[in-house]
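Sequential numbering from 116 applies to the sequence shown in this note's numbering.
Just so it is clear, CB atoms sit at the ideal spot from N, CA and C, and this is done for glycine as well.
Note that this is a predicted model, so its numbers are computed, not measured.
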Amino acid sequence: IAWNTLCRPKLEGGIGLRNFVDIRKAASLKLLWHFINSKNVWSRWMSKRYCDNKHFWTMEIDNNSSCTWKSILKHRQVARNNISRVIVNGRNTLLWHDPWINSESMVSILGWDSLYLYGHQTDNVSSIIQDGVFNLDLVPFTRQLNNLISSVCIDSSSSSDYWKWTSDLKGFSFRSAWNETRNHYPTVNWGKIIWNKCNNPRMSLTAYKAIYNRLPTRDKLIDWGYVSATICLLCNQFLENHTHLFFACPY
C-alpha cells in the first residue's frame, strides 16, 4: 500500500499516520503562531534579526535567512487563510501591513503604489478609529476599500488587538495546523467499521489490507518468488486470489 495512502486519517482510507512533510508544515505554522503572539526571547530575537525596519506580513523572503525563518515566511498565506486580526482599539495593528481586513492587508488590496500615494506607511489602525468606530473621512480611501473596512467589527470586550485562529473554535493547536496543511480525501464508508475500538487491531489491519487487495495470496506470492504454485490450498482447484478466497472458494 502506498505511503501516501497510509498517511491519511483512518476515516479517509489511511491508518492514521502523519506524513513528515505535513508535520514540517504544521510545525512552521506553530512557530509562526508563536512569533506573532508571543513576546518571549525567541520571538524578540527573531524579530530583531529578520524584521528590523521590515514588516513581517509583507517582507520578501531573503535567501540568506535561516531555513526555519524561510519556512515561516513561506507559510504566511496558509496562516492568513486561518487567522483573523480582531480589532479592539487598533493601537497594536499596522494600518497598511497587517492582514486585518478579511485576513488581507491594505497593501495587498491596493498595491504598493497606493501606500506611497497616501503617505501613511507607519500608521496604526487606531488612526482611523474615533469613539470606537471607524471614521473613514480621516483618509480618502476608495469606496470599495471603505466598504471592506466597514465590514470589520470592533471588539470592545478586550483590552488590545489580538490574533484569532479561525479553523478551530478551541483555538490554535498543532492538530488543527496539521489539518490545514495536509491533503484532504473523500471519507470512506468502511472507516468506522474497520477501526472500531472493539475490534482486534490485528483483525482490523487484515481487513484493511483485504479492502486494498494487498493480502499475500498465492497469485502475489508466486510473483515474489515465495511459492511455485498458485492453486488454492483450501479447495485445490482454482487460482488463489483475493476474489476467490473471500467470495468463490467453497471452503
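Secondary structure at valine 420, three-state DSSP: helix, strand or coil? Any property of residue 420 remains undetermined from this structure, which presents the chain solely from 116 to 366.
Any chain B beta carbon closer than 8 Å to glycine 247: Among the chains of the structure shown, chain B does not appear; only one protein chain is present.
Quick one: give me the first and last residue of the beta strand (DSSP E) that tyrosine 165 is part of. Residue mapping note: residue 165 aligns to position 50 of the sequence shown, counting from 1. In the DSSP assignment, tyrosine 165 falls outside any beta strand (DSSP E) and within the unbroken alpha helix (DSSP H) covering 156-165.
Within the same chain, show all residues whose beta-carbon is closer than 6 Å to that of tyrosine 323, passing over the 5 residues directly before and after it, in chain order. Counting from one through the sequence shown, the residue named residue 323 turns up at place 208. The answer, listed in chain order, is Ile309.
From the DSSP output, in three-state form, read off glutamine 352 for me. Sequence index remark: in the sequence shown, residue 352 carries index 237 (1-based). If DSSP states are grouped into helix, strand and coil, glutamine 352 belongs with coil.
Contained alpha helix (DSSP H) runs [length at least 4] in the region 188-224, N- to C-terminal order: Runs of the alpha helix (DSSP H) inside the region 188-224: 191-195.
With the cut-off set at 8 Å, would you say tyrosine 366 and leucine 349 are in Cβ contact? In the sequence shown, the residue the question calls residue 366 occupies position 251. In the sequence shown, the residue the question calls residue 349 occupies position 234. Yes, Cβ-Cβ distance for tyrosine 366 and leucine 349 is below 8 Å.
Determine whether the beta carbon atoms of valine 203 and serine 274 lie at a separation below 8 Å. In the sequence shown, the residue the question calls residue 203 occupies position 88. In the sequence shown, the residue the question calls residue 274 occupies position 159. Yes, they are a contact pair.
Measuring CB to CB, does valine 240 end up less than 8 Å from glutamate 127? Position 125 of the sequence shown, counted from the first residue, corresponds to residue 240. Position 12 of the sequence shown, counted from the first residue, corresponds to residue 127. Taking a C-beta distance under 8 Å as the contact criterion, valine 240 and glutamate 127 do not qualify as a contact pair.
C-beta contact flag for serine 158 and histidine 190 at 8 Å: The residue you call residue 158 lines up with position 43 of the sequence shown. The residue you call residue 190 lines up with position 75 of the sequence shown. No. Outside cutoff.
Spell out the partners DSSP gives glutamine 245 in its beta bridges. Reading the sequence shown from its first residue, position 130 is the one you call residue 245. Per DSSP, Val248.
Roughly how many whole angstroms lie between the Cα atoms of leucine 147 and glycine 129? Counting from 1 along the sequence shown, the entry for residue 147 is found at position 32. Counting from 1 along the sequence shown, the entry for residue 129 is found at position 14. Each residue's alpha carbon lies about 29 Å from the other.
Taking isoleucine 176 and leucine 188 to be in contact with their CB atoms under 8 Å, please state how far apart those CB atoms are, rounded to whole angstroms. Taking the sequence shown and counting its residues from 1, the one referred to as residue 176 is at position 61. Taking the sequence shown and counting its residues from 1, the one referred to as residue 188 is at position 73. That belief holds up - the Cβ atoms of isoleucine 176 and leucine 188 are roughly 5 Å apart, short of 8 Å.
For phenylalanine 249, which residues in the same chain have their Cβ closer than 8 Å to its Cβ, ignoring the five residues on either side in sequence? To locate residue 249, count along the sequence shown from 1; it is residue 134. The beta carbon of phenylalanine 249 sits closer than 8 Å to those of Ile243, Ile264, Ser265, Val267, Ile269, all from its chain and outside the five residues before and after it, given in chain order.
Which term fits methionine 221, buried or exposed, when burial requires 16 or more other beta carbons within 10 angstroms of its beta carbon? For the purposes of this step, residue 221 is identified with residue 106 of the sequence shown, where counting begins at 1. The residue in question, methionine 221, is buried, as its Cβ has 16 or more Cβ neighbours within 10 Å.
With H, G and I counted as helix, E and B as strand and the rest as coil, what does DSSP make of tyrosine 327? Reading the sequence shown from its first residue, position 212 is the one you call residue 327. Residue state, collapsed to three classes: coil.
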